[in-house]
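In the working numbering, the protein residues as written are 35 to 769. All C-beta atoms, glycine included, are put in the ideal place defined by N, C-alpha and C. Everything on this sheet refers to the single structure shown next.
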């Protein structure tokens with residue numbers, strides 16, 4: 035029996051859903067006939083620790099000296115250990131949707147032991163008015179787990195974290211020394227669970243190649259611990275590492291010690307490098323013919339890129355394959371009540387991609403020089419929906435997170451129409467650019483297809499800085515587009531940035547004022563502030579002088595290179611604003627404190643905002659003029675109308691006849707008064723406009739021609755009529 039390829043995600047990423055990299059690679063390996071197994075070691079370790087048996091080990095492992103020197107919070111948790119041991123298994127099952135009735139016990143306030151994480155509840159009573167009992171219970175259960183996580187981190191394993199593990203060792207690691215030192219130490223508390231799980235996995239799958247996906251700095255230490263164990267116990271197994279971290283941080287690696295823990299590091303899209311590596315291991319390819327792969331040869335780290343084959347087209351990479359992952363064991367947690375923030379941590383999402391790379395690829399702070407951004411390749415809406423259907427059959431889940439850098443509006447339109455054609459009932463969300471092509475009609479179409487939320491980069495709410503960033507948008511435009519989404523019933527999350535090169539204190543405060551107005555007018559429902567970070571692969575990192583900043587370090591080392599330090603001589607002291615910006619945003623997201631002066635968020639003097647207090651209000655009132663283009667597709671989103679004839683006799687004895695198009699939709703009945711002949715024509719044409727399998731959409735130009743053939747007269751007059759405006763209101767969109 036041939037040995038398999040083992041794909042693993044080391045700890046930790048998300049609690050609620052698997053990181054998709056191994057599923058993508060497994061799906062590709064299926065297309066070339068290669069057997070593979072996959073495992074998310076993160077969720078396995080979490081479920082081992084957060085069980086009655088695991089927590090017993092937690093409490094038994096805490097020595098008295100550590101406990102005496104620990105915080106009162108940790109001491110309290112240890113004193114309540116019996117309560118934790120008797121509640122942990124039911125709570126985990128509840129978070130796995132296995133025993134929903136436990137919500138009543140959790141919410142009564144006397145079931146869960148409580149430590150410091152519950153202190154924030156006094157500030158969050160407002161949230162529970164809008165949360166159902168299941169959501170409230172999941173939020174309380176999340177706080178309960180975080181209390182236990184705090185205990186583990188303080189007294190047993192300082193590296194522990196639910197979504198990252200020893201992250202500080204991997205972040206900006208110019209030198210490998212801190213990692214090497216940590217790896218020379220005995221196994222930590224968490225490491226012991228990790229290695230036990232890995233050992234069982236190796237014995238079960240008997241692989242000849244282990245591929246580790248390392249998407250973030252918080253997965254690196256866990257990956258190297260896995261490699262260390264495999265090298266010591268199973269030296270015949272080859273180990274390869276790929277993923278987001280090596281793709282961005284290890285492109286110029288020269289550190290030989292890394293290769294004590296693994297054999298190969300591949301860069302960028304993994305399909306072709308992995309294919310070449312498998313051919314090499316099977317004796318069908320020379321070593322120098324590998325693709326974008328580092329190996330340790332003759333005492334040196336060597337980059338091997340002699341393969342002549344191009345990358346595998348995105349359309350040929352196959353459907354992600356989640357088989358082997360414990361989909362029903364992930365934990366659906368609620369860290370914060372904000373409905374948009376919850377999407378990252380709550381619910382099970384199948385991950386898919388509409389288009390490889392970014393169609394814009396101009397933003398000056400983004401890694402636009404790297405393949406995952408610059409190589410833009412969309413696939414057809416038909417193929418995307420084929421993959422959607424395959425994943426629903428495979429996983430039983432109908433939630434989809436499209437993990438695009440920025441989903442293209444034209445492709446989103448085609449995907450939405452195809453979803454409606456196939457009558458797929460799915461829930462989906464994605465990342466976008468706030469560009470003008472997201473009209474109100476397009477947003478209505480996306481909503482009708484199951485889109486519930488979008489996230490996008492507003493970055494700095496300053497037109498000067500947006501131009502400098504080459505975002506290709508203005509603040510007014512972002513407001514209009516976000517308003518279109520919100521008015522359509524789609525939630526909007528904005529990525530916000532402060533500390534961009536040359537940003538002044540005045541611009542920072544003006545940006546906060548814009549954000550205040552965006553939330554006050556319900557244009558945004560969610561946001562998050564990030565401090566600008568200069569990276570080696572972004573235009574600013576490549577040429578800092580062009581953006582009037584000075585790179586100050588770090589000196590290039592043998593290991594990672596990505597995050598760069600810099601001075602901003604023309605800008606403000608950016609980090610001063612951090613706490614105030616985040617505090618203000620937290621309140622705005624929850625619909626309060628809009629009347630506070632911005633000064634109240636800061637403990638130092640800040641400028642008064644210089645932008646108009648009505649800026650956003652005016653921006654969303656100035657609706658973009660709708661230009662009816664001949665090639666615009668016309669789609670009817672409602673149910674098929676029925677032409678109804680009514681006749682009655684008036685008080686004066688006159689017979690009165692009316693004709694109506696009656697539309698029975700899910701939650702309301704609509705009527706449009708029409709004439710007999712135009713009613714018949716509209717009833718037929720609307721049937722043509724409804725999304726039906728294997729039928730091409732009618733364009734506005736063809737619609738105009740059909741109207742002319744019907745002999746109803748002036749088309750412009752029809753466009754100004756009550757009938758036309760009512761059709762647009764009740765379900766007709768032009769996209």
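Beta-carbon proximity of residue i to residue j, cut-off 8 Å
i: residue 472; j: residue 518; result: yes
i: residue 217; j: residue 262; result: yes
i: residue 259; j: residue 284; result: no
i: residue 531; j: residue 584; result: no
i: residue 392; j: residue 444; result: no
i: residue 537; j: residue 499; result: yes
i: residue 172; j: residue 129; result: yes
i: residue 321; j: residue 314; result: yes
i: residue 567; j: residue 527; result: no
i: residue 253; j: residue 44; result: yes
i: residue 384; j: residue 359; result: no
i: residue 454; j: residue 767; result: no
i: residue 328; j: residue 271; result: no
i: residue 78; j: residue 231; result: yes
i: residue 546; j: residue 450; result: no
i: residue 311; j: residue 257; result: no
i: residue 614; j: residue 636; result: yes
i: residue 61; j: residue 351; result: yes
i: residue 330; j: residue 290; result: yes
i: residue 707; j: residue 694; result: yes
Among the options, nearest to residue i - alpha-carbon criterion
i: residue 468; options: 461, 477 and 462; result: 477
i: residue 734; options: 602, 605, 360 and 662; result: 662
i: residue 522; options: 549, 542, 503 and 556; result: 556
i: residue 237; options: 314, 515, 411 and 38; result: 38
i: residue 671; options: 457, 208, 299 and 219; result: 457
i: residue 152; options: 131, 178 and 138; result: 178
i: residue 364; options: 132, 742, 150 and 202; result: 132
i: residue 114; options: 99, 88, 149 and 85; result: 149
i: residue 190; options: 103, 296 and 407; result: 103
i: residue 357; options: 668, 48 and 70; result: 70
i: residue 369; options: 639, 692 and 48; result: 48
i: residue 504; options: 404, 434, 399 and 420; result: 399
i: residue 73; options: 186, 381 and 245; result: 245
i: residue 209; options: 299, 199, 591 and 351; result: 591
Cross-strand partners of residue i (DSSP beta bridge)
i: residue 301; result: Residue 301 is not bridged to any residue.
i: residue 585; result: 600
i: residue 690; result: 682
i: residue 703; result: 698
i: residue 328; result: 299 and 337
i: residue 364; result: The partner list for residue 364 (beta bridge, DSSP) is empty, contrary to what the question assumes.
i: residue 529; result: 491 and 562
i: residue 732; result: 668
i: residue 645; result: Residue 645 is not bridged to any residue.
i: residue 708; result: 693
i: residue 677; result: 695
Range covered by the alpha helix (DSSP H) that runs through residue i
i: residue 475; result: 474-482
i: residue 74; result: Per DSSP, residue 74 belongs to no alpha helix (DSSP H); it is in the beta strand (DSSP E), 70-74.
i: residue 488; result: Premise fails: residue 488 lies in the beta strand (DSSP E), 485-493, not in any alpha helix (DSSP H).
i: residue 503; result: 497-503
i: residue 120; result: 115-129
i: residue 668; result: No alpha helix (DSSP H) contains residue 668, which is instead part of the beta strand (DSSP E) from 667-670.
i: residue 374; result: Counting along the chain, residue 374 falls outside any alpha helix (DSSP H), and DSSP gives it neither H nor E.
i: residue 199; result: First-last for residue 199: undefined, no H or E at that position.
i: residue 519; result: 509-521
i: residue 343; result: Here residue 343 belongs to no alpha helix (DSSP H), and DSSP marks it neither H nor E.
i: residue 471; result: That residue, residue 471, is in no alpha helix (DSSP H); it is neither H nor E in DSSP.
i: residue 102; result: 98-102
First through last residue of the beta strand (DSSP E) which encompasses residue i
i: residue 635; result: That residue, residue 635, is in no beta strand (DSSP E); it is neither H nor E in DSSP.
i: residue 336; result: 334-338
i: residue 38; result: 38-43
i: residue 767; result: 766-768
Those runs of the alpha helix (DSSP H) which lie wholly inside the stretch 381-467 and span at least 4 residues: Positions of the alpha helix (DSSP H) runs, each at least 4 residues long and wholly inside the stretch 381-467, are given as 405-408, 415-429 and 443-455 in order along the chain.
Beta strand (DSSP E) segments (min. 3 residues) lying fully within the stretch 233-296: 241-247 and 272-276
Ordered list of beta strand (DSSP E) runs contained in the stretch 549-575, each at least 3 residues: Runs of the beta strand (DSSP E) inside the stretch 549-575: 560-565.
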